[in-house]
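Notes follow the structure.
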Amino acid sequence: MSSNHLKEEKIIDLLDGNVSEEEKFEIQNHINTCPKCQGVYKFWQNTMESMTDVSPSPSLKERLDESIEKKKSHRFISFKPIILTASLAIVAFLFWGLNDIVYQSNTVQPEYEIYQNNEINEESLFTNSPHVEVQQLVSFSNTSNIDGALWVNKETQEMLLKVKGLEGLEQNDYQLWIVDQDNHAEGELLMVDTNGEAKVLYRLNDLSEYKHIKASVEPLGGSKTPTGPETFFVDFD
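Residue 163 in full-length UniProt numbering sits at position 163 of the sequence shown, and the numbers go up by one each step.
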């Protein structure tokens, strides 16, 4: 599966819980190593979560559900001009129909950018900067091989996390949480490579609003709040 991109229908099925355990493992492994599929996965995850979070009207939610189902069922229909027209109509509906939802969601989006692994450029320039403070991460398990550090640059409002020793998970995901001064946690799936390593770069609007980063083991696809066992944390306040 690693040589080809996933179909959107498969990603939607994963988020809906409509795949077998074997398929979950294969799909999640591919997503963890494919930036393009990661982007598609995050788009549908955010879209479906937004539908839940902002509680759209019953009629709008019904129309959105129908549109998603039509998109999923498209794979069973032979390609004809009328099908292409219908698909374009669905895309247009999703774009304008979700406009109000996206607008409301933007008001609660975290005030930072996040990059992982190959998305991070000029890592050495960051870690060798004289403005950087280094904080060692702490593992929650005495038997764990997890090790790493957090480089904090208060001048540029950036943080670089490097961690290694993460065990491969088949039925769960690692999720990284940045916690603010009010103990509110914002989570992102932690993309772990085949060597059990991960790199994450945060670019924040105001570093002083946050106090530490932690990671936990969550169900596939992640959670809205931490629910699983915590694996490591690092303070930078």
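Think of the CB as a built atom: it goes at the ideal place given N, C-alpha and C, for glycine as much as any other residue.
Taking C-beta atoms under 8 Å as the contact rule, Val179 and Lys214 qualify, at a distance of about 7 Å.
Scanning Glu23, Asp206, Lys36, Thr47 for the CA closest to the CA of Lys154 turns up Asp206. One Cα belongs to Gln135, the other to Cys34, and the distance between them is close to 30 Å.
Looking at the DSSP output, Tyr174 sits in a beta bridge with Val217. Taking a 10 Å sphere around the C-beta of Thr231, we find 16 or more other C-beta atoms and assign the residue as buried. Cβ neighbours of Ser129 within its own chain (closer than 7 Å, five residues either side excluded): Asn153. Sequence-distant partners of Lys162 (beyond 5 residues in either direction) whose C-beta falls short of 7 Å from its own C-beta, in its chain, are Gly148, Ala149, Lys199. Sixteen is the threshold: when 16 or more other Cβ atoms of the shown chains lie within 10 Å of the Cβ of Ser216, as they do, the residue is buried. Shown here for Lys42: not one same chain residue has a beta carbon closer than 7 Å to its own, the five before and five after excluded. For Ile146, the secondary structure class from DSSP, reduced to helix, strand or coil, is coil.
Ranked by how close their Cα comes to the Cα of Glu218, the residues Glu123, Thr227, Tyr202 have Thr227 in first place. Our two residues, Glu26 and His184, have alpha carbons roughly 33 Å apart in a direct line.
Counting only residues of its own chain and dropping the five nearest sequence neighbours on each side, Glu167 has a CB closer than 7 Å to the CB of Gly196.
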